[in-house]
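Trainee: Taking this note's numbering, the leading residue of the sequence shown gets 182, the next gets one more, and so forth. Using N, Cα and C, we set each Cβ at its ideal position, and we do this for glycine too. Before I ask anything, here is the structure I am working with.
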Amino acid sequence: DGPGNSQRTTEAVGAILGRGAVPVCIGGDDSVPIPILRAFEGRAALTVVRVDAHLDFRDEVDGGREGYSSPMRRASEMDHVERIVHVGLRGVGSARASDVEDSRAAGNLLVTARELRERGVPWLLEQLPPDASVFVAFDCDGLDPSVFPAVSAPAPGGLSYVEAIDLLRGVGPRLAGAVFTELVPARDPLGTSALVVGRLVGVTVSAGTAM
């Protein structure tokens, strides 16, 4: 029940927001950020920080418009999403040239993993307005496979563990919400990837509540 599950997700996140809490969501695939972000409708405009090896700006894949490769396209269509900052891009063939053009035309910032390494996390954080409401959409394949192998589409050259930690800490109290997706437990026999994402979630929560 894809549509029903999507609606229930939006309602659950909306209930969390209604209590004045910051939702930090864990698990699922590329379809998950879409209903979560819909729950923010009518609230402060969001800057979405998307950590991902892939652009995820396809309009549709095999007729599906709310799943694999499409979440940031759907997010960009939401009136309350002001801008998307794509971080960690490097997946060969993950986007068409037109998808890249469309994201840039929408005013989004595209930062490859190599650019982040050259310019540094402090530079990236400077691209976020001091008063922004930031939603972090963290696809675990944004990390380098040496750090996080348990993903469906590993791509070498991703973010290091320290870069990810520094980025999440740097968002700090601007955090409006977060979602961590794309952990594949079957590819994590030693549990190291689960350990990494658990620590990233902990850093996000502690940074978001720090004043």
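1) Looking at C-beta atoms only, is the number of pairs between the stretch 228 to 242 and the stretch 254 to 272 that lie closer than 8 Å three or more?
2) Which whole runs of the beta strand (DSSP E) in the stretch 317 to 374 are 3 residues long or more, in chain order?
3) Find the nearest neighbour of residue 314 within the set 182, 213 and 264, judged by alpha-carbon distance.
4) When the Cα atoms are used, what is the spatial distance from residue 323 to residue 203?
5) With a CB to CB cut of under 7 Å and the five nearest residues on each side skipped, what residues in its chain are close to residue 392?
6) Whole angstroms is fine: what's the gap from residue 182's alpha carbon to residue 189's?
7) Quick one: any contact between the stretch 298 to 312 and the stretch 330 to 337, if contact means 3 or more CB pairs under 8 Å?
8) Going by the DSSP bridge assignment, what does residue 267 pair with across the sheet?
9) With DSSP run on the structure shown, which of helix, strand or coil describes residue 273?
10) Is it buried or exposed, residue 279, if we count other Cβ atoms within 10 angstroms and call 16 or more buried?
11) Tell me the rounded alpha-carbon separation between residue 201 and residue 345.
12) Could you compute how far the alpha carbon of residue 216 sits from the alpha carbon of residue 239?
13) Quick one: grab the DSSP three-state call for residue 392.
14) Between the C-alpha atoms of residue 290 and residue 373, what's the straight-line distance to the nearest angstrom?
15) Less than 8 Å between the C-beta atoms of residue 348 and residue 294, yes or no?
16) On a Cα-Cα basis, can you pick out the residue from 223, 277 and 193 that is closest to residue 241?
17) Output yes or no for whether 8 Å exceeds the beta carbon distance between residue 218 and residue 193.
Mentor: On the basis of the data shown:
1) Taking 8 Å as the limit for Cβ pairs, the verdict is that the stretch 254 to 272 does touch the stretch 228 to 242.
2) Within the stretch 317 to 374, the runs of beta strand (DSSP E) at least 3 residues long that lie entirely inside it are, in chain order, 356 to 362.
3) Of the listed residues, the one whose Cα sits closest to residue 314 is 264.
4) One alpha carbon belongs to residue 323, the other to residue 203, and they sit about 23 Å apart.
5) For residue 392, the predicted structure reports a pLDDT of 42, less than 50, and the residue's modelled location is therefore unreliable. A value from the coordinates is still provided. Hits under 7 Å: 354.
6) Residue 182 and residue 189 have their C-alpha atoms spaced approximately 10 Å apart.
7) Because the criterion of three Cβ pairs below 8 Å is not met, the stretch 298 to 312 and the stretch 330 to 337 do not touch.
8) Partner(s): 231 and 291.
9) Of the three classes helix, strand and coil, the one that applies to residue 273 here is coil, per DSSP.
10) Exposed is the call here.
11) Cα to Cα, the separation comes out at about 26 Å.
12) Just so you know, the alpha carbons of residue 216 and residue 239 end up roughly 17 Å apart.
13) Confidence at residue 392 is low in this model, with a pLDDT of 42, below 50, so the placement of that residue should be treated as unreliable; the coordinate-derived value is given next. Three-state DSSP puts residue 392 in coil, outside helix and strand.
14) Rounded to the nearest angstrom, the two C-alpha atoms are 31 Å apart.
15) It is not a contact, given that the beta carbons lie outside the stated cut-off.
16) Nearest to residue 241 by C-alpha distance, out of 223, 277 and 193, is 277.
17) Their beta carbons are not under 8 Å apart, which means residue 218 does not touch residue 193 by this criterion.
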